[in-house]
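**Q** The structure that follows is given in the form of structure tokens.
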Amino acid sequence: MKSENCRKFSQMPSSLPLVWMLLASILFSLAQVSLAQDYVTQRGDFVTEQDSLNALLEIEKSNTLGRAPANFIPDTEIEPVPIENRIWLQNLLVEDNSGVLASIRANIASWEQTEEYAQNWNLKSTGLYNTPDVAAKKAFLNKWLLKYFDKRLAGEIKNSEEGSTLHTVGQVHQTLRPNTEVGISQKVKIKFKARLLQGRAIARVENPWVDTHATIKATGEVNVQMRKELKDIGVTAGIDYNANEGRYLAHVDKKLTEKITARISSNQEADKVMFDTDESVDKRLEFFFHTPF
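Quick note on numbering: numbering that gives the first Met the number 0 labels position 39 of the sequence shown as 38, and the sequence is numbered without any gaps.
Listed below in structure tokens is the structure:
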């Protein structure tokens, strides 16, 4: 009996497995349609063929675990948004209360505009549109950037809240900058200013005759300067004494025009007489020309 059944099974047509596979595929499709209809019904929408198809697509998408073809382009709008990238230097160089940074930027912008104008119109050879060279620009930036940071720090300390770190630094800074004034007479006063952080002290003698002040540095260097300005005749006389070298420079300046100043000077040792005929006395006649640029 068993062998007869096996023989009958072996005599079945070879197309029968294909029929079974087709029936299984149909049943699987019907099951997916049923699931799609349940999915749409739960949403409370009217079930149509299009709704069923959309639900089938969503189920098929969930079955593929979110995988998509390499050439798949999502149906979404992409709007490019610019990203502002600020370097650390832009956060460091902010405007100060004294306007030093604005002045630096204005000078640099003026140089760039002049150079661009002279280059575009081929006017460099005329010499009318000259700008500072690289070395001069570097010296300008070194000088004014130090001034900017000094002014900015002073402003931050001045506007700091009481009890903050900057406020404490300001209190210490004031302690290290003592000012003393001594009256010699009604017309003569000596003002003493110590700059311990800078390593120097300044003594100024205030009087109605000669402007005198001395600078003493921590390195031991001592300089004394005296000035007297005669406004009626446009003459300024002065003496600069270097105590370390034992020499002094005497000079008389006369303003000839708005841009030209003449100077007669004599540089000699402390035991020599100014404008002496001795060869060691350096006597000069100089003319200084200055103009803004």
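Heads up, the beta-carbon is just placed ideally off N, CA and C, and yes, glycines get one too.
Give me the DSSP bridge partner(s) of R356.
**A** Missing from the structure shown is residue 356; the chain here goes from 0 to 292 and no further.
**Q** Sort out for me which residues DSSP pairs T256 with in a bridge.
**A** None; T256 has no bridge partner.
**Q** When burial is assigned at 16 or more other CB atoms within 10 Å of the CB, is Y116 buried or exposed?
**A** It is exposed - the Cβ of Y116 has fewer than 16 other Cβ atoms within 10 Å.
**Q** Taking 7 Å as the threshold (C-beta atoms), are G245 and E278 in contact?
**A** No, they are not a contact pair.
**Q** With distances taken Cα to Cα, identify the nearest neighbour of K186 among I201, D210, R199.
**A** Among I201, D210, R199, the Cα nearest to that of K186 is on D210.
**Q** Spatial neighbours of Y128 within its chain, please: C-beta separation below 8 Å, excluding the five flanking residues on both sides.
**A** Once the five neighbours on either side are set aside, the close Cβ partners of Y128 are T113, E114, Y116, A117, L122.
**Q** Report back the beta-carbon spacing between K253 and A261 to the nearest angstrom; my notes put them in contact at under 8 Å.
**A** At roughly 5 Å, the Cβ-Cβ gap stays under 8 Å, so K253 and A261 are in contact.
**Q** Rounding to the nearest angstrom, what Cα-Cα distance links T218 and G198 in this structure?
**A** About 8 Å.
**Q** Enumerate in chain order the residues of its own chain whose CB-to-CB distance from I103 is below 6 Å, with the five nearest sequence positions on each side excluded.
**A** If we look at I103 and ignore the five residues flanking it on each side, its Cβ neighbours are W143.
**Q** Measure the alpha-carbon distance for E285 versus N141 and round it to whole angstroms.
**A** Computed Cα separation, rounded: 29 Å.
**Q** Give the straight-line distance between the Cα atoms of N119 and V221, rounded to the nearest whole angstrom.
**A** Rounded to whole angstroms, N119 to V221 spans 53 Å at the Cα level.
**Q** According to the neighbour-count rule (16 or more other Cβ atoms, all chains shown, within 10 Å of its Cβ), is L100 buried or exposed?
**A** Buried is the call here.
**Q** S14 by DSSP, collapsed to three states: which one?
**A** Since pLDDT at S14 reaches only 46, below the 50 mark, its modelled position is unreliable, and no value is offered.
**Q** Can you tell me whether S163 is buried or exposed? The criterion is at least 16 other CB atoms within 10 Å of its CB, across all chains shown.
**A** By the neighbour-count rule (16 or more Cβ atoms within 10 Å), S163 is not buried but exposed.
**Q** What does a CB cutoff of less than 6 Å around I263 pick up in its chain, not counting 5 residues either side in sequence?
**A** The residues are V251, L284.
**Q** List the DSSP bridge partners of R262.
**A** R262 pairs with D252, E285.
**Q** Mark S265 as exposed unless 16 or more other C-beta atoms lie within 10 angstroms of its C-beta, in which case mark it buried.
**A** By the 10 Å Cβ count, S265 comes out buried.
**Q** Measuring straight from C-alpha to C-alpha, what distance separates K150 and S159?
**A** If you take the alpha carbons of K150 and S159, they lie about 14 Å apart.
**Q** Helix, strand or coil for K192? Go by DSSP, reduced to three states.
**A** If DSSP states are grouped into helix, strand and coil, K192 belongs with the strands.
**Q** Where K282 and I259 are concerned, what is the direct C-alpha to C-alpha distance, given to the nearest angstrom?
**A** Distance between the alpha carbons of K282 and I259 is about 20 Å.
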